[in-house]
Amino acid sequence: MAGQKTFPYRAAVVSCNGECPASAGFQCKYGCVGCGNCMAVCESGAIVWNENQTAQVDEELCTACGACVKACPQEVIHIHECANYIVVRCSNQDKGKAAKEVCRVSCIGCGICEKTCTAEAVKVVHNCAVIDERLCLSCGMCAVKCPRHVIGDLRGIF
Amino acid sequence: MYTFTVNGKEVSTDKKQSLLRFLRDELHLTSVKDGCSQGACGACTVIIDGQTCKACVPSTDKLEGRNILTVEGLSEWEAEVFTYAYGEAGAVQCGFCIPGMVMCTKALLDVNPDPAEEEIKYALRNNYCRCTGYVKIIKAVKLSAKILRTGVIPRPGADDWKIGSPVHRLDVEEKVRGFGKYPDDFYMEGMCYGSALRSRYPRARVLSIDTSEAERLPGVAAVLTAEDIPGENKIGHLKHDQYTLIPTGGLTHYLGDAVALVAAEDMETVEKAKKLIKVEYEVLPAVHSTEEASAPDAPCVFDEEESNVLAHKKISRGNAQEAIEKAPHVVSGHFETPWTEHAFLEPECAVAYKDEDGDVMVISTDQDAYCTYRECSLMLGTDKVKVQNALVGGGFGGKEDMTVQHHAALITYCTGRPVKVRLTRAESLLIHPKRHPFVMDFTMGCDENGKILGVQAKVTADTGAFASLGGPVLERACTHAAGPYAYENFEIEGTAYYTNNPPAGAFRGFGVTQTCFATETLLNMMADKIGMTPWEIRYRNAIRPGGVLPNGQIVDESTGLVETLEAVKEEYNSAWAQGKPVGIACAMKNAGVGVGIPDWGRVKLVVEDDGKVHIFTGASCIGQGLGTVLVQMIVSNTDLKREEIVYERSNTWIAPDSGTTSGSRQTLVTGEACIRACKKLMEARAGGKTLADLAGQEFYGEYLAKTDPLGADVPNPVSHVAYGYATQMCILDAQTGKIEKITAAHDVGKAVNPLSCEGQIEGGVVMSMGFALREKYPIDKNCKPVEKYGALGLIRAHEIPEIQAVVIDKPGLNVACGAIGIGEITSIPTAPAIADAYYRLDGERRYSLPVTGTPYAVSHKTQEKEG
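Read top to bottom, the protein sequences are chains A and B.
No gaps in the numbering here: position 92 of the first sequence is 91 in numbering that gives the first Met the number 0, and each next residue is one more.
No gaps in the numbering here: position 476 of the second sequence is 475 in numbering that gives the first Met the number 0, and each next residue is one more.
Now the structure itself:
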């Protein structure tokens, strides 16, 4: 499939760490519920389960067709540009305390990322961090400073 | 203990700190530059396990087992390849971003040996460069890829160092390999660190300063206040109204005013001590804008001044009002241009120490070592001061004033110790003078044939918290507002007001960038009104050799505006005929200070014991490549070879004063002085004397670029010894609304190094793309500007369009081998050309910058679900 891709490459990304099934049982009403719909519609075999039974995308295989985005009942999948490897892995829109109760790695909307970001690319929207990839400089400062490990580096450096 | 590998060696540390600080302060790997420590600039980019990473981001405790590579850890082969490729492509200017760019190059080519252009741009796009416009860095990556694939480094495209040859700049290797030193790269034995406590309020009276607690903090070497200044507290580039430290009882002028100065063993202690200083203020209402500054009951920014007017200029020739009244076609417009930040990659830094003569030695990054010398001497009340330029990581006008040098000098003077004073990026954004925001009202009258009959204008500038170069900037904005056209009736009135905003001063274009936007936009409006193309109206009015400018000056044979217009004619007309959105603008810019101010270039060629000629001149290379220009001039005007010539960085005890790197003047003014020194050298060599025979001898050349003052009582005053001319053209992609191409045709007289010349043009164009499309420098109601480098909206590598630099060599100037400075004009016509192109796209005329309604003006929006 890789041969059909055109640069800049795009891929699906799941905005959920999927810690709640492992730590507290399916409690977060915003995150991945492990229904497998995305996997069923993916023609590239790009979606796999991570250790928490949460959907995860193999960017090498993903063609950014968007089928999984439509199939996800939780709306936690979106298409992004792969060059922007700093991503938010949470969709929880509850306020801090409530968000904390359902997951060990949920966004509590504390805004440290927003304050830290030199490019004004991160904003807390409905209590959850959102990165605007058009502005992001992929430095990872938000990932390093995030007290909840919500923001991650798809390359694995941070 | 955290253990990881750096450049193949295992290192351990138990200190938790950013990787950047560890690499620089502990390992002294100074290729890793500290440009912002915010994750924005990319100058500290290293490779971690094959991936690029800004070293200011991760801390040492998170790096266990990681493998880190810096430029110092490149293999010899890689270093040679990158040095060649960056040199051959002309990718190196100030050099501060280059090690980071080299790391991006390596990381990309390691996994993608034959990348497409778009892939290269993406690999570079998280790193900023403010000099090159990225064009030649992209070329360097392509060339590196090719060499790494073939395994052979070719011969350089040019090795004849004569004028006109695109040789590799002489500072490529030290900048690519990262061993060249900027002031921050100096680590001295026993060095302490200094920083200033800044005013809490933009306008307040300092009632008391209590430093006792800070002084008691262990590790503090000194806490200094105004009382410790032995000489004049107030210094300044021209007018002395910039306080070194605000005294008790004194007024603060902006948030960057220093109240006390702390020196301590390390930066952590410095910051702690600053918090322990107690300052009592009487908070006073601040002046936020020129409207507030000019109000009848406005508070005075300065105790010493009776009003907030720094400068008022009125220039009039002919009778503009009458000409406009009689003109069949008249257009008017109200224009606004914003504050702009230079955003040079290297923040201000100075290292000072007592040298063996007992003098205070200042290692400085500035645009004029002698200026630093004069201001530090004035403040210390002694001439026992020396200044040595280190590498300068970009200036663009923003390093003409004292920001850290005087503070470093004062700490060394008072403590006897070596000290480093360095601005954080947030301080840099606050402290050095910016580009003036202008508000402008212009009216232009033309006849039926599009000939300009008269222009009348009124402009107002916010010059902020101290004079800096506000007066001359206003003056240049006014004199050049007429544009490069032949007409006789011109009148302009300009006022620059002090406010409590950050100071404004010199910025590439020196005021002309602002008024050119107004004049050129009016001309485009006029062309539409009369019914001719904007190209045609310019061609009809263009100043030609022997013609008279609206300032009365008769221009010389080198005048090449028409040639720059002709260079874009075919492409412009073809785009116009096809209905493509195409915009155009012209500009002129003086080379040399001009207007009767003594403008000296001085060069000393010293034959040293190594049998080589060393070039000494007190002229700063701020990244533009002055050293290379001077070497090429010597090779062309003597029988010396490149290998026999050594360029020395500017200093104040061997090199003679050659003025400020400002006003696009060094190539011309210092260049001509250099040629004169060459003549003396060649005379001395008559009779076949070798360099060895001349060892110890000095050959001095000087040149006065003589001009007439403004308002001189002569019919045709010579305001400037030379002008550069340009036409820039912008074509948009009508589908995307993005810029498809910018063609920049520049009359440069003789291009000393065409590669460097192109680099200046590309860099200037991209800088002004930012000015035109997106850059911002917001100031809040507390007169506090933006603190984040990444939020300035600078153009990134993947956003640049095709840029075609057209260098027009036109002889005629009888000094400096015919070379005219190129530094500033590259940035002047870009914005009006872009604004015109967007008008052609959507029919909406833009009167203020940055223009709106373009795909470049992005601000954060919640990501939309896509699919």
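Beta carbons: idealized from backbone N, C-alpha and C, even for Gly.
This one's a predicted model, so the numbers in the text were calculated from it and none came from an experiment.
Using a threshold of 7 Å, is the CB atom of residue i nearer than that to any non-hydrogen atom of the ligand ADP?
i                 : result
Val-151 (chain B) : The ligand ADP is absent from the structure shown, which contains no ligand whatsoever.
Quick one: Cα of residue i to Cα of residue j, how far?
i                 : j                 : result
Pro-246 (chain B) : Thr-224 (chain B) : 7 Å
Cys-27 (chain A)  : Val-47 (chain A)  : 20 Å
Glu-117 (chain B) : Tyr-372 (chain B) : 46 Å
Gly-248 (chain B) : Leu-206 (chain B) : 5 Å
Tyr-160 (chain A) : Leu-153 (chain A) : Lying outside 0 to 157, the shown extent of chain A, residue 160 (chain A) is not represented and no answer is given.
Ala-818 (chain B) : Pro-155 (chain B) : 24 Å
Gly-2 (chain A)   : Ala-45 (chain A)  : Bear in mind that a pLDDT of 47 at Gly-2 (chain A), under 50, signals an unreliable position, so the number given afterwards is only what the model happens to contain. Rounded to whole angstroms, Gly-2 (chain A) to Ala-45 (chain A) spans 15 Å at the Cα level.
Thr-494 (chain B) : Ser-293 (chain B) : 10 Å
Ile-97 (chain B)  : Trp-76 (chain B)  : 18 Å
Gly-155 (chain A) : Thr-51 (chain B)  : 12 Å
Val-175 (chain B) : Ile-491 (chain B) : 47 Å
Thr-442 (chain B) : Ile-542 (chain B) : 20 Å
Ala-70 (chain A)  : Ala-78 (chain B)  : 50 Å
Gly-94 (chain B)  : Gly-392 (chain B) : 6 Å
Gly-34 (chain B)  : Leu-22 (chain B)  : 14 Å
Glu-270 (chain B) : Gln-55 (chain A)  : 44 Å
Note the first and the last residue of the continuous alpha helix (DSSP H) segment covering residue i.
i                 : result
Thr-336 (chain B) : Where Thr-336 (chain B) is concerned, there is no enclosing alpha helix (DSSP H), although the beta strand (DSSP E) it sits in stretches over 328-336.
Cys-191 (chain B) : Looking at the DSSP string, Cys-191 (chain B) is not in any alpha helix (DSSP H); the run it does join, the beta strand (DSSP E), is 191-197.
Arg-537 (chain B) : 533-540
Thr-268 (chain B) : 266-275
Tyr-571 (chain B) : 560-576
Asn-488 (chain B) : That residue, Asn-488 (chain B), is in no alpha helix (DSSP H); its beta strand (DSSP E) goes 488-497.
Give me whichever residues DSSP pairs with residue i in a beta bridge.
i                 : result
Asp-440 (chain B) : B:His-333, B:Lys-457
Ser-105 (chain A) : Looking at the DSSP assignment, Ser-105 (chain A) forms no beta bridge with any residue, so it has no partner.
Met-728 (chain B) : B:Ile-583, B:Thr-742
Phe-698 (chain B) : B:Leu-604
Ile-46 (chain A)  : A:Val-56
Val-806 (chain B) : B:His-745
Val-361 (chain B) : B:Ala-351, B:Val-386
Lys-122 (chain A) : A:Val-129
Tyr-646 (chain B) : B:Ile-614
Assuming residue i contacts residue j under a Cβ cut-off of 8 Å, what Cβ separation, rounded to an integer in Å, is found between them?
i                 : j                 : result
Val-87 (chain A)  : Val-149 (chain A) : 6 Å
Ser-847 (chain B) : Glu-291 (chain B) : About 20 Å; that fails the 8 Å criterion.
Pro-182 (chain B) : Ala-342 (chain B) : In fact, because the Cβ distance is near 18 Å, the residues do not count as touching under 8 Å.
Pro-854 (chain B) : Lys-737 (chain B) : 6 Å
Gly-545 (chain B) : Asn-488 (chain B) : Not quite, the Cβ-Cβ distance comes to about 20 Å (not below 8 Å), so this is no contact.
Out of the options, state which residue places its alpha-carbon closest to the alpha-carbon of residue i.
i                 : options                                    : result
Tyr-837 (chain B) : B:His-479, B:Thr-520, B:Asp-33             : B:Thr-520
Asp-527 (chain B) : B:Pro-849, B:Ala-351, B:Cys-445, B:Cys-103 : B:Cys-445
Ala-574 (chain B) : B:Ala-711, B:Pro-708, B:Ala-586, B:Glu-739 : B:Glu-739
Ala-586 (chain B) : B:Ile-653, B:Tyr-484, B:Asp-609            : B:Tyr-484
Ala-257 (chain B) : B:Asp-265, B:Asp-461, B:Thr-243            : B:Thr-243
Ser-755 (chain B) : B:Pro-716, B:Arg-684, B:Lys-603, B:Thr-666 : B:Thr-666
Thr-637 (chain B) : B:Met-681, B:Gly-624, B:Pro-597            : B:Met-681
Cys-429 (chain B) : B:Glu-347, B:Asn-318, B:Phe-509, B:Tyr-855 : Looking at the sequence provided, one finds Leu at residue 429 (chain B) rather than Cys. Cα-wise, what sits closest to Leu-429 (chain B) is B:Glu-347.
Leu-522 (chain B) : B:Arg-537, B:Gly-508, B:Thr-512            : B:Arg-537
Lys-15 (chain B)  : B:Gly-34, B:Ala-42, B:Asn-6, B:Lys-61      : B:Lys-61
Lys-353 (chain B) : B:Glu-226, B:Met-187, B:Thr-268            : B:Met-187
Gly-867 (chain B) : B:Ile-208, B:Gly-700, B:Asp-707, B:Pro-784 : No answer is possible for residue 867 (chain B): it lies beyond the span of chain B, which begins at 0 and ends at 866.
Thr-289 (chain B) : B:Glu-172, B:Asn-715, B:Cys-299            : B:Cys-299
Thr-514 (chain B) : B:Ser-826, B:Ser-17, B:Trp-160             : B:Ser-826
Ser-58 (chain B)  : A:Val-143, A:Gly-155, A:Gly-151            : A:Val-143
His-167 (chain B) : B:Gly-230, B:Leu-625, B:Val-717, B:Ala-408 : B:Leu-625
Gly-357 (chain B) : B:Ala-389, B:Lys-383, B:Asn-125            : B:Lys-383
Val-806 (chain B) : B:His-431, B:Ala-84, B:Ala-725, B:Asp-841  : B:Ala-725
Under DSSP, the beta strand (DSSP E) around residue i begins and ends at which residues?
i                 : result
Ser-376 (chain B) : From DSSP, Ser-376 (chain B) is part of no beta strand (DSSP E) but of the alpha helix (DSSP H) over 368-379.
Asn-66 (chain B)  : 66-68
Phe-770 (chain B) : From DSSP, Phe-770 (chain B) is part of no beta strand (DSSP E) but of the alpha helix (DSSP H) over 753-772.
Glu-290 (chain B) : Looking at the DSSP string, Glu-290 (chain B) is not in any beta strand (DSSP E); the run it does join, the alpha helix (DSSP H), is 289-293.
Trp-599 (chain B) : 599-606
His-405 (chain B) : Segment 404-414 is the alpha helix (DSSP H) holding His-405 (chain B); no beta strand (DSSP E) there.
Ser-315 (chain B) : 308-316
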